[in-house]
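K.L.:
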Amino acid sequence: MRGASLSAERLTTAVDESMPLAQALLEEVRSLTADEPGVSREPWGRGEQLALDTLARAAAGLELERRTDPFGNLYLTLPGADRAAPAWLAGSHVDSVPAGGNYDGLAGVVAGVTSLAALRRAGVAPPCDTTVMAIRGEEVSAWYGGQHNGHIGSRAALGLLPPDELDSAIHSRSGRTLRSHMQEGGADPAAVGRGAPYLASARFRGYLELHIEQGPVLEARAIPVGVVSAIRGAMRGRSCRCLGAYTHSGAVPHELRSDAVMATVELVHELDREGSRVRAADGDLAVTVGKLFTDARQHALTKVPGEAEFSLDFRSRDEPTLVAMRSLTERLAREIGERRRVRFDFAPFTLQRPAAMDAAFRERLLAGCRALGIPALEMPSGAGHDAQDFAHAGFRTGMIFVRNSHGSHNPDEAMDIADFALGTRLLAWMLATR
Ligand SMILES: [Zn+2]
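For the sequence shown, our numbering begins at 2 and goes up steadily by one.
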């Protein structure tokens, strides 16, 4: 069926009539995975599995085809007229951070299922298969320390995950590897990196992801829907250390100290100044030190601190900017270290590359907003998403943001269901049109 024959009005009605399903799914998963005051859906753990089971049951009710890949990601398909034609893939993740919000990730999967329900309701036989992917392990960074780059479920399916990350990602509480937890969760970690990627871009028209906005931009502008232009990448130093020497805070002259805190503060201050310079020159760079602490077993009011630990998180839409920040950090560490008689130790930095969204998809999404009367803003995504991995794997990729208060990764995120309905109309429109 040609998209033109499905009027905007009929599509809007079909989505609106499918909204009770969306609300029921969001509420059921919330109550099943409640961890007051938020929800906890641990990757390859109980909460993530409960969310997937709920979605699979809903898909059975809609007579969608169901399958899982060796990594445990779930695929729900509405068959199209030409089953050999490249398929649409719409998805997001079902896991959450510990005691996180209900909508981060889940909203996108529910929007996909609701879109398929709406297409069925409108009597639309899409030209190609339309598949919703419920992705595991996007939030692995919130549960696992060690060396890894997050977004495990999508990167495994796309063939972008080096198998050794499964062994270098260490669970913060159990101390066991991600490989071991995946196995326990019923997945086959040995399939990571084996053979051809499970998802090959040539078999798909593209990947679409609806996600709540995790910043305040749409709310501040009073616009319900965003069309994402690009996703920022990240250069991260996850466990940085500055090593000096513990000495007496009164007795030791400054020129003989090796003060780890003062050296770290100087480094952080210089990196912050560089961030301001880049932004003043119209560049894109966010600099965050999310962790900064001395050793509580050793520190004291009267001690010159001999050790400081911290994290570095650089974000930018521009990969050379991220690479330059790593070089700058290393250069400053040498200079400051020499002058202040300390040594900086950065475990290897990890790079999550930025990703541009497909230009034609962006235009198409904006055209959809006009056709459906949805006020929308084109904007970059400051946070990382599975969508960037699809873009890196050669998929044409598009993203829809839905307005949300109080950010995310906390129980206070607040998405108006009316805004969600607008985002879902746009998603369904993309999936229904040629
Ligand atoms: Zn998310």
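Even for Gly, the Cβ is constructed at its ideal location relative to N, Cα and C.
Name, in chain order, the residues that DSSP records as bridge partners for M134.
P.N.:
In DSSP, M134 forms a bridge with Y76, G92.
K.L.:
Sorted by chain position, which residues of the same chain lie with C-beta nearer than 6 angstroms to T131's C-beta, five sequence neighbours on each side aside?
P.N.:
Once the five neighbours on either side are set aside, the close Cβ partners of T131 are L79, W89, L432.
K.L.:
Throw me the rounded Cβ distance for the P412 and A15 pair, which I believe falls under 8 angstroms.
P.N.:
That pair is no contact at about 32 angstroms.
K.L.:
Report the start-end ranges of each beta strand (DSSP E) in the stretch 339-413 that is 3 residues or longer and not cut off at the edges.
P.N.:
Entirely contained in the stretch 339-413, the beta strand (DSSP E) runs reaching 3 residues are, in chain order, 344-347, 351-353, 377-382, 398-403.
K.L.:
Measuring only from the beta carbon, is D105 closer than 7 angstroms to any heavy atom that is part of ligand 1?
P.N.:
Yes.
K.L.:
Less than 7 angstroms between C-beta atoms, sequence neighbours within five positions excluded: which residues of the same chain meet that for Y145?
P.N.:
Correct list, in chain order: A170, I171, H172, S173, L179.
K.L.:
Return the bridge partner residues of T248 from the DSSP annotation.
P.N.:
Beta-bridge pairing links T248 to V305.
K.L.:
In its own chain, which residues sit with a C-beta less than 8 angstroms from the C-beta of R156, not counting the 5 before and 5 after it?
P.N.:
Answer for R156: N150, L162, D390, listed in chain order.
K.L.:
Return the Cβ separation of I375 and L427 in integer angstroms, given the expectation that the two are a contact with Cβ distance under 8 angstroms.
P.N.:
Yes, I375 and L427 are in contact; Cβ-Cβ is about 6 angstroms, under 8 angstroms.
K.L.:
Could you tell me whether the Cβ of G113 comes closer than 8 angstroms to any Cβ of chain D?
P.N.:
Note that chain D does not occur in the displayed structure, where there is just one protein chain.
K.L.:
Any contact between the stretch 221-232 and the stretch 265-277? By contact I mean 3 or more CB pairs, one from each, below 8 angstroms.
P.N.:
Short answer: they don't touch.
K.L.:
For T303, collect the residues of the same chain with a Cβ closer than 8 angstroms to its Cβ; drop the 5 residues on either side in sequence, then sort them by chain order.
P.N.:
Once the five neighbours on either side are set aside, the close Cβ partners of T303 are H249, S250, G251.
K.L.:
Measure the alpha-carbon distance for N405 versus E414 and round it to whole angstroms.
P.N.:
Cα to Cα, N405 sits roughly 6 angstroms from E414.
K.L.:
So is the beta-carbon of H386 under 7 angstroms away from any non-hydrogen atom of ligand 1?
P.N.:
Indeed, a heavy atom of ligand 1 lies less than 7 angstroms from the Cβ.
K.L.:
For the alpha helix (DSSP H) that S19 lies in, which residues bound it at each end?
P.N.:
Start and end: 9-33.
K.L.:
What I want to know is whether the C-beta of E441 ends up closer than 7 angstroms to one or more non-hydrogen atoms of ligand 1.
P.N.:
The chain is shown from 2 up to 435; residue 441 falls before or after that span and cannot be answered.
K.L.:
Please return the same chain residues whose Cβ sits closer than 6 angstroms to the Cβ of S240, not counting the five positions on each side in sequence.
P.N.:
So the qualifying residues of the chain are A348.
K.L.:
Can you give, in chain order, each stretch of the alpha helix (DSSP H) that sits fully within the stretch 187-236 and has at least 4 residues?
P.N.:
Listed in chain order, they are 218-222.
K.L.:
Please report the distance separating the alpha-carbon of E275 from that of T289.
P.N.:
So the two alpha carbons sit approximately 12 angstroms from each other.
K.L.:
Given the structure, does H94 come close to ligand 1, in the sense that its CB is under 7 angstroms from one of the ligand's heavy atoms?
P.N.:
Correct: H94 has its Cβ closer than 7 angstroms to ligand 1.
K.L.:
Tell me where the alpha helix (DSSP H) around V110 begins and ends.
P.N.:
Note, V110: alpha helix (DSSP H), 107-122.
K.L.:
Confirm, please, whether the CB-CB distance from T330 to A309 is below 8 angstroms.
P.N.:
Contact flag unset, no.
K.L.:
For A143, which option in A201, M263, P44 has the closest C-alpha, if you only look at C-alpha atoms?
P.N.:
Residue P44 is the option with its Cα nearest to A143.
K.L.:
Residues in the same chain with beta-carbon distance under 8 angstroms from R233, minus the five sequence neighbours each way, listed in chain order, please.
P.N.:
Excluding positions up to five away in sequence, the list reads D285, A287, R316, S317, R318, P355, P381, S382, G383, A384, G385.
K.L.:
Take E18 as the anchor and find which of R335, N103, I153, A119 has the nearest alpha-carbon.
P.N.:
The shortest Cα separation from E18 among R335, N103, I153, A119 belongs to A119.
K.L.:
A235: which of R327, I401, R68 sits nearest, CA to CA?
P.N.:
Here the closest residue by C-alpha is R327.
K.L.:
According to DSSP, simplified to helix, strand and coil, what is T289?
P.N.:
The answer is strand: DSSP assigns T289 an E or B state.
K.L.:
With distance defined between alpha-carbon atoms, name the residue in R47, A301, L12, A52 nearest to S116.
P.N.:
Selected option, being the one with the closest Cα: L12.
K.L.:
Can you tell me which residues form a DSSP beta bridge with G101?
P.N.:
Answer by DSSP bridge pairing, in chain order: V40.
K.L.:
Taking 7 angstroms as the cut-off, does the CB of H407 come closer than this to any heavy atom belonging to ligand 1?
P.N.:
It does not: the Cβ of H407 is nowhere closer than 7 angstroms to a heavy atom of ligand 1.
K.L.:
What does DSSP give as the partner residues of T295 in its beta bridges?
P.N.:
Answer is A309.
K.L.:
Does the beta-carbon of G249, which I'm using as the reference point, lie nearer than 7 angstroms to any heavy atom of ligand 1?
P.N.:
Looking at the sequence provided, one finds His at residue 249 rather than Gly. Every heavy atom of ligand 1 is 7 angstroms or more from the Cβ of H249, so no.
K.L.:
Taking the C-alpha atoms as reference points, what is the distance between D36 and I337?
P.N.:
Cα to Cα, the separation comes out at about 45 angstroms.
K.L.:
Does the beta-carbon distance from I153 to G138 come in below 8 angstroms?
P.N.:
A contact, by the Cβ cut-off of 8 angstroms.
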